[in-house]
Amino acid sequence: MGRLVLLLLLPLFLFGSSVKSFKWKDGESFLTFLEDKKLPLSLFYNLDKEDQQLTEDIPFTANCQMLISDKNIIEQILIPVNDELQLQIYLTPKKRYKMHVIPIVSETYNEVLYTEIQTAPYDDILKATGSKRLASRFVKMFKGRVNFKKEVKRGDPLVIVYEQKYRLGKYFSMPEVAGAMIEISGKRYVVYRHKDGRYYDAKGAQFEKFLFKLPIRNARMTSGFTKRRYHPVLHRYRAHVGVDFGARPGTQILATGEGRVCFAGYSNGYGKTIKIRHSNGLTSLYAHQKGFKKGIHVGSKIKQGDIIGFVGSTGLSSGPHLHFGMYDGSTPINPLSVMKKKTEGFTGKEYRQFVAIRSKLDRIFNEKLRTKPLKRKPLDFQDTYYVNKDTFKVEVF
Ligand SMILES: [Zn+2]
4 MGRLVLLLLL
14 PLFLFGSSVK
24 SFKWKDGESF
34 LTFLEDKKLP
44 LSLFYNLDKE
54 DQQLTEDIPF
64 TANCQMLISD
74 KNIIEQILIP
84 VNDELQLQIY
94 LTPKKRYKMH
104 VIPIVSETYN
114 EVLYTEIQTA
124 PYDDILKATG
134 SKRLASRFVK
144 MFKGRVNFKK
154 EVKRGDPLVI
164 VYEQKYRLGK
174 YFSMPEVAGA
184 MIEISGKRYV
194 VYRHKDGRYY
204 DAKGAQFEKF
214 LFKLPIRNAR
224 MTSGFTKRRY
234 HPVLHRYRAH
244 VGVDFGARPG
254 TQILATGEGR
264 VCFAGYSNGY
274 GKTIKIRHSN
284 GLTSLYAHQK
294 GFKKGIHVGS
304 KIKQGDIIGF
314 VGSTGLSSGP
324 HLHFGMYDGS
334 TPINPLSVMK
344 KKTEGFTGKE
354 YRQFVAIRSK
364 LDRIFNEKLR
374 TKPLKRKPLD
384 FQDTYYVNKD
394 TFKVEVF
């Protein structure tokens, strides 16, 4: 770990070198990126199949960094592939480029936001925390239950209990909301995150209704979703941002939900691939297909359960299987977390677990409503602050 920290701090110590930040371009392939930066293509070809496939999932929102010497030579590049792993390209002392998949060093803090409505929940959360992601997450969580535009009044309190990752002192990745509440004219609306990662109201009814279905009949899962896993034999970090289902070649692939085909074609790692965009902002991906169902093309309207293609082994695949992915924007999420659940409502042990989670969050909500701790905007390390000697307030230079 010591070496990793050192590598991350390197930019601060090297005089004459400069750090350039850039965003990964939408649709950019790793090979064209290497070509563009005049880096050896062997960096890609020397990777094994799994890591090559990983480069296809670099989200276009990824904040990348490049360290360049005063002679304009690239010394290091960091490209996050998700919020746990990043690709690191670096120049060795023998002037050769190498690449590794390494963990992203970040800290996670438990935070609680209490604020009172001035204009609208989104604006007030953004103002209090500076986090657009937290603001939109909150609004999304209450969608369909509360009409913020009509019902919310000035002074109505809201509380969000969440975990936030920080990287180099800055917000990083999506906040994970454990629970949230808003009181509108004295009436309380609540959301709790259960152990299964889904959100429920006080009675245990599911908040976000996901109606997706598995893309294969009698599905047999052979590999699960993980953003970061350490391979004990290879001594390397890996990620698998989808779920694999083992199946005979030619097995029908079914659309997980209603939507419109936004990609139907070939990609290096995923082979013959279809992507379907769904109305709730999620996109599903079906890779390594043998072939598509006749007539499927970009723009096709698809109903849930429609046959879209057939299981194969195209692209970087070690045998016939379906790689099934789900994306929220460009961020991969676990597809199983949004599949329709067989039962509604909790019973037995699961009910007791839910009650424990609910009580714990209720205690936090009640305490914050009582103490009203208005949160100050956190210091942003990008800017430089000083303390005003008259007012003792923190101000930006
Ligand atoms: Zn896979």
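One rule links them: number in this note's numbering = place in the sequence shown (from 1) + 3. Positions of the beta carbon are idealized from the N, C-alpha and C atoms, including for glycine. Predicted, not measured: the structure shown is a model, and the values here were computed from it.
Nearest candidate by alpha-carbon position, reference residue i, set the options
i: residue 218; options: 183, 89, 310; result: 310
i: residue 165; options: 48, 200, 267; result: 200
i: residue 205; options: 213, 59, 141, 195; result: 195
i: residue 202; options: 191, 30, 183; result: 183
i: residue 150; options: 130, 134, 125; result: 125
i: residue 302; options: 312, 263, 320, 286; result: 263
i: residue 170; options: 212, 109, 77, 216; result: 109
i: residue 261; options: 224, 308, 239; result: 308
i: residue 246; options: 87, 226, 342; result: 226
i: residue 270; options: 31, 373, 22; result: 31
i: residue 189; options: 232, 93, 161; result: 161
i: residue 121; options: 113, 115, 114, 130; result: 130
i: residue 254; options: 314, 208, 47, 280; result: 314
i: residue 221; options: 167, 240, 257; result: 257
i: residue 330; options: 111, 99, 341, 323; result: 341
i: residue 100; options: 42, 272, 33, 148; result: 42
i: residue 297; options: 277, 157, 349; result: 277
i: residue 191; options: 365, 376, 375; result: 365
i: residue 343; options: 102, 355, 213, 38; result: 213
i: residue 3; options: 47, 132, 37; result: In the structure as shown, the chain begins at 4 and stops at 400. Residue 3 is therefore absent and cannot be evaluated.
Contact test: residue i Cβ vs ligand 1 heavy atom, cutoff 7 Å
i: residue 234; result: no
i: residue 316; result: no
i: residue 73; result: no
i: residue 321; result: no
i: residue 247; result: yes
i: residue 282; result: no
i: residue 340; result: no
i: residue 197; result: no
i: residue 270; result: no
i: residue 226; result: yes
i: residue 326; result: yes
i: residue 103; result: no
i: residue 300; result: no
Residue i in three-state terms, based on DSSP
i: residue 146; result: coil
i: residue 46; result: helix
i: residue 221; result: coil
i: residue 330; result: strand
i: residue 10; result: Residue placement at residue 10 is flagged as unreliable, the pLDDT there being 48, under the threshold of 50; the coordinate-derived value follows with that caveat. Helix, per DSSP.
i: residue 258; result: coil
i: residue 128; result: helix
i: residue 367; result: helix
i: residue 5; result: Legend: pLDDT at residue 5 = 44, less than 50; position of this residue unreliable, no value from coordinates given.
i: residue 201; result: coil
i: residue 19; result: coil
i: residue 343; result: coil
i: residue 165; result: strand
i: residue 377; result: coil
i: residue 296; result: coil
i: residue 278; result: strand
i: residue 312; result: strand
Classification of residue i by the beta-carbon crowding that lies within 10 angstroms, buried from 16 upward
i: residue 291; result: buried
i: residue 234; result: exposed
i: residue 95; result: exposed
i: residue 82; result: buried
i: residue 76; result: exposed
i: residue 361; result: buried
i: residue 250; result: buried
i: residue 60; result: buried
i: residue 159; result: buried
i: residue 73; result: exposed
i: residue 176; result: buried
i: residue 388; result: Model confidence at residue 388 stands at a pLDDT of 46, short of 50, so the residue's coordinates are unreliable and nothing is read from them.
i: residue 300; result: exposed
i: residue 85; result: buried
i: residue 23; result: exposed
i: residue 370; result: exposed
i: residue 383; result: In this prediction, residue 383 has a pLDDT of 48, which is less than 50 and means its spatial position is unreliable; what the coordinates show is noted afterwards. With fewer than 16 Cβ atoms within 10 Å of its Cβ, residue 383 is classed as exposed.
i: residue 282; result: exposed
i: residue 236; result: exposed
i: residue 377; result: exposed
i: residue 19; result: exposed
Residue i at chain B interface by Cβ criterion, 8 Å
i: residue 93; result: Considering every chain present, this structure includes no chain B. It has just one protein chain.
Check: residue i C-beta below 7 Å from any heavy atom of ligand 2
i: residue 238; result: Within the structure as shown, ligand 2 is missing, the only ligands being ligand 1.
Can you list the beta strand (DSSP E) stretches of 3 or more residues lying completely in the region 22–110, in chain order? Listed in chain order, the complete beta strand (DSSP E) runs (minimum 3 residues) inside the region 22–110 are 66–71, 77–83, 88–94, 100–106.
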